[in-house]
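In terms of the UniProt record's numbering, the numbers along the sequence shown are unbroken and rise by one, the last being 164.
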Amino acid sequence: MPLEMEPKMSKLAFGCQRSSTSDDDSGCALEEYAWVPPGLRPEQIQLYFACLPEEKVPYVNSPGEKHRIKQLLYQLPPHDNEVRYCQSLSEEEKKELQVFSAQRKKEALGRGTIKLLSRAVMHAVCEQCGLKINGGEVAVFASRAGPGVCWHPSCFVCFTCNEL
């Protein structure tokens, strides 16, 4: 194992711990997930998912994948975004829906970005639980919250319903 991989792998082994439920050891661990956070290397993806409750991890054909789809449909119902999913709208209502959709995307829609905290960072504080996130651990950042604000992956939840 390359020397620079050791800290990341030891974090995976000793930090947020969970072994994969997949019995396939093809060498490409990403194939077992229905969705992965964009922009991460495979070992960072493993670190991220190891921090989530097992039932929320979106393994292919798992309860976690079904939960994610259900959650997306609840948070972003197609009929709130696209005219084609609505029936019997007047031309005025179609225009209003387009304005609403554009305004929501601009003002309220966003997603967190997962980053590996630099080992040089002694610790950051999770916005949700108030506990430390140490250098070498993964954290979730949201640009709308500001540059230094971050969360543990399992703490990045909806403010209203507390859903992951």
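Built from N, CA and C at the ideal position, the CB exists for glycine as well.
Locate the beta strand (DSSP E) running through residue i, then write down its first and last residues.
i, result
"Leu116", "113–116"
"His123", "123–125"
"Asn81", "No beta strand (DSSP E) holds Asn81; DSSP gives it neither H nor E."
Kindly indicate the opening and closing residues of the alpha helix (DSSP H) around residue i.
i, result
"Phe159", "Where Phe159 is concerned, there is no enclosing alpha helix (DSSP H), given that its DSSP letter is neither H nor E."
"Lys95", "91–107"
"Lys56", "Unbroken run through Lys56: none, as it is neither H nor E."
"Leu72", "63–75"
"Gln44", "42–50"
Between the Cα of residue i and those of the options, spot the shortest distance and give me the residue it belongs to.
i, options, result
"Tyr85", "Pro77, Glu91, Gln103", "Pro77"
"Gly146", "Glu127, Tyr48, Glu82", "Glu127"
"Asp80", "Ser101, Gln46, Ala120", "Ser101"
"Ser118", "Glu137, Arg68, Gly112, Cys129", "Glu137"
"Glu82", "Lys105, Gly64, Asn61", "Lys105"
"Phe141", "Trp35, Met122, Gly110, Lys66", "Gly110"
"Val60", "Cys129, Gly112, Trp35", "Trp35"
Hey, how far is the Cα of residue i from the Cα of residue j?
i, j, result
"Ser143", "Glu107", "12 angstroms"
"Pro42", "Val149", "24 angstroms"
"Val57", "Cys161", "19 angstroms"
"Ser88", "Lys95", "13 angstroms"
"Pro153", "Glu91", "43 angstroms"
"Pro158", "Ala120", "According to the sequence shown, residue 158 is Cys rather than Pro. Taking the straight line from one Cα to the other gives about 30 angstroms."
"Pro99", "Pro38", "Per the sequence shown, the amino acid found at residue 99 is Val instead of Pro. C-alpha separation (whole angstroms): 28 angstroms."
"residue 253", "Gly135", "Absent from the model: residue 253. The displayed extent of the chain is 1 to 164, so no value can be given."
"Trp151", "Gly64", "21 angstroms"
"Leu30", "Glu93", "43 angstroms"
Hey, is residue i close to the ligand ADP, as in C-beta under 8 angstroms from one of its heavy atoms?
i, result
"Arg119", "This structure lacks the ligand ADP; in fact it carries no ligand of any kind."
In three-state terms, what does DSSP make of residue i?
i, result
"Val140", "strand"
"Trp151", "strand"
"Ser26", "Because the pLDDT at Ser26 is just 46, under 50, the model does not fix this residue reliably, and the point stays unresolved."
"Leu164", "coil"
"Gly146", "coil"
Could you check how far apart the C-beta atoms of residue i and residue j are, in whole angstroms? I think they sit under 8 angstroms.
i, j, result
"Ala124", "Ile133", "5 angstroms"
"Leu40", "Tyr33", "At roughly 11 angstroms, the Cβ-Cβ gap does not stay under 8 angstroms, so Leu40 and Tyr33 are not in contact."
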